[in-house]
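Reviewing the structure listed below.
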Amino acid sequence: MRVVIAGGHGQIALRLEALLAGRGDEAVGLIRNPDHTADLQKRGATSVVLDLENSTVDQLADVLTDADAVVFAAGAGPGSGAARKDTVDRDAAILLADAAESAGVRRYVMVSAYGADNYDPDSTEVFQIYLRAKAQADADLRGRELDWTVVRPGSLTDDPGTGQVTIDESVPRGRITRDDVAALLLHILDNPCTASMQFEVVGGSTPIADALATFAREH
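For the sequence shown, the numbering used here assigns the number 1 to the initial residue and increments by one for each residue that follows.
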């Protein structure tokens, strides 16, 4: 399986790349800074230097040729201003969807944000603008004829993964390890039945595969 990951140097992306490469899949990370290439190579992934804020659909579609899936794991980062929440968290995600359609890649997995739809539309606070950007990107993706899955993780930690989660359309606020989010994304890529699903996820007591299967069965 060839998986192209936007935001390829992000902490979740690096973990997912290692999981993919470790079992023989091809992980391709899109990065803006060429100095990050070595970090991807250490995980067994290849890199493509491409600035999503300054790229065209055609440029990105060329990278997606022969891909089996794309994952949007990019983000402007906690130190960025409001403008980049729109240009990265929203517009870059939409650009990836446009390019996926152009390249004929149907599978799109979105790493979104917990509670994204609950933003304050009148707020000028950066975090609220971030949530709005995520919600708008998710809504755009849900309106497309792609095999999409939208994942909305709770507060992220660098603790070791447990392999156990809680998944539902809405879950109580909580924390989840980046290890477990990456493992969850791998399960999603392996399971076509997760297409057209959107859910929140935090740490829990149910193995990832079982939690996904139960949610898919009930929804």
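Backbone N, C-alpha and C define an ideal beta-carbon position, used for all residues, glycine too.
Model, not experiment: these values are computed from the prediction.
Exercise. If you drop the 5 nearest sequence neighbours on each side, which residues of the same chain put their C-beta closer than 6 angstroms to that of L14?
Worked result: Locating residue 14 in the sequence shown gives position 14, where the first residue counts as 1. The residues are R43.
Exercise. Near R32, which residues of its chain fall below 6 angstroms by C-beta distance, leaving aside the five closest residues on each side in sequence?
Worked result: For the purposes of this step, residue 32 is identified with residue 32 of the sequence shown, where counting begins at 1. Same-chain partners within the cutoff: D51.
For this session: Give the single residue among P34, M110, I129 whose Cα lies nearest to the Cα of P78.
Result: On the sequence shown, residue 78 is found 78 positions in, with the first residue counted as 1. Out of P34, M110, I129, I129 has the C-alpha closest to the C-alpha of P78.
Exercise. What are the boundary residues of the alpha helix (DSSP H) that T214 is part of?
Worked result: Looking up residue 214 in the sequence shown gives position 214. Note, T214: alpha helix (DSSP H), 208–218.
For this session: May I ask which residues mark the beginning and end of the alpha helix (DSSP H) holding Y114?
Result: Along the sequence shown, read from residue 1 onward, the residue named residue 114 stands at position 114. Run containing Y114: none; DSSP gives neither H nor E here.
Exercise. If you compare alpha carbons, which of D138, S196, I176, S102 is closest to A67?
Worked result: As a position in the sequence shown, residue 67 is number 67, starting the count at 1. Of the listed residues, the one whose Cα sits closest to A67 is S102.
Exercise. The alpha helix (DSSP H) spanning A195 covers which residue range?
Worked result: Translated into the one-based positions of the sequence shown, residue 195 becomes position 195. Premise fails: A195 is in no alpha helix (DSSP H) and is neither H nor E.
Problem set entry | Every unbroken beta strand (DSSP E) inside the stretch 125–196 [3 residues or more] | 147–153, 155–157, 164–168, 175–177
Exercise. Which first and last residues belong to the beta strand (DSSP E) in which G44 is found?
Worked result: Indexing the sequence shown from 1 puts residue 44 at position 44. From DSSP, G44 is part of no beta strand (DSSP E); its letter is neither H nor E.
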